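*Asks:* Before I ask anything, here is the structure I am working with.
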Ligand SMILES: [Zn+2]
């Protein structure tokens with residue numbers, strides 16, 4: 219009995235002394251802001267940003283809101299809404315700094331991937347709503363912020379690059395590209411639940427993982443998918459293989475990270 223009790227105490231001690239890994243606090247368009255919202259001695263508050271719930275972590279001294287800032291946000295002042303455990307509502311402002319993302323010009327051989335025909339356009343519209351819903355997923359479990367790189371390889375396209383495809387302006391790059399040969403393993407950067415697998419027009423074979431509290435990650439252009447929807451994966455588990463499906467110039471992993479629905483720079487989550 220005593221042994222059991224001491225063991226439980228030891229586990230409690232170990233789990234409370236493990237430092238929480240945080241993404242880099244970099245409040246810029248496409249960045250992450252970490253903001254203290256209430257003393258850790260009080261109950262869990264509820265925090266929202268642009269009317270969407272945000273991830274919360276209990277730090278040593280404070281409850282911390284981990285906020286994803288959209289690439290479209292203009293530098294200046296933003297605010298979050300905080301509802302304390304006792305029901306009091308107040309607002310807190312934070313600054314978003316200016317940041318210049320570079321331009322990348324790419325040439326895509328498959329013309330339909332740049333200027334899709336009617337049939338492809340209908341497919342893109344359908345998939346747009348599926349993708350919107352997936353990146354806005356918010357589950358109550360605490361966020362798994364401790365990430366490892368999902369695969370090895372050269373960074374071949376950083377997050378936020380303003381893209382010119384075959385001479386035409388397109389949306390900025392919503393993730394990080396890692397150039398790697400077809401068939402190289404892709405690992406889950408943190409534990410999570412598979413919320414989608416399938417083949418989409420731009421992303422090709424793709425997996426979405428839910429790491430809790432609105433922290434979502436995506437793996438695109440895969441040659442192989444090793445997991446099923448609703449499956450739980452552990453950190454480092456092989457979830458698929460690098461490929462060149464969808465809109466690509468060659469084999470690589472496109473990796474996106476979303477926080478409260480906004481694409482943020484995955485580089486902020488790894489050392
Ligand atoms: Zn990409």
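In this note's numbering, the protein residues as written are 219 to 489.
Note that beta-carbon positions come from the ideal geometry of N, C-alpha and C, so glycine has one too.
Only a predicted model underlies this, so the values are computations on that prediction, with no experimental measurement involved.
Beta carbon of residue 248: closer than 7 Å to some heavy atom of ligand 1?
*Replies:* For ligand 1, not one heavy atom lies less than 7 Å from the Cβ of residue 248.
*Asks:* Distance, Cα to Cα, residue 401 vs residue 326?
*Replies:* Cα-Cα distance, rounded: 22 Å.
*Asks:* Residue ranges of each beta strand (DSSP E) run of no fewer than 3 residues wholly in the stretch 330-407, ordered along the chain?
*Replies:* Correct list: 372-375, 380-383, 386-388, 394-397, 403-405.
*Asks:* Quick test of your reading: residue 424 and residue 437, contact by CB under 8 Å. State the CB separation rounded to the nearest angstrom.
*Replies:* With 8 Å as the limit, residue 424 and residue 437 qualify as a contact, their Cβ atoms being about 6 Å apart.
*Asks:* Using DSSP bridges, identify the partner residues of residue 289.
*Replies:* According to DSSP, residue 289 bridges with nothing at all.
*Asks:* Alpha carbon to alpha carbon, how far is residue 257 from residue 459? Give it in angstroms, no decimals.
*Replies:* Those two C-alpha atoms are separated by around 43 Å.
*Asks:* Closer than 6 Å from C-beta to any heavy atom of ligand 1: which residues, in chain order?
*Replies:* Any residue whose Cβ sits closer than 6 Å to a heavy atom of ligand 1 makes the list: 375, 391, 393, 395, 472.
*Asks:* Could you give the first and the last residue of the continuous beta strand (DSSP E) run that contains residue 411?
*Replies:* Per DSSP, residue 411 belongs to the beta strand (DSSP E) from 410-418.
*Asks:* In three-state terms, what does DSSP make of residue 269?
*Replies:* Coil.
*Asks:* Looking only at its chain, what residues have a beta carbon closer than 8 Å to the beta carbon of residue 234, apart from the 5 residues adjacent to it on each side?
*Replies:* For residue 234, the pLDDT reaches just 46, beneath the cut-off of 50, and the residue's location in the model is therefore unreliable, leaving the point undetermined.
*Asks:* Let me know the secondary structure DSSP gives residue 487 once reduced to three states.
*Replies:* It is helical.
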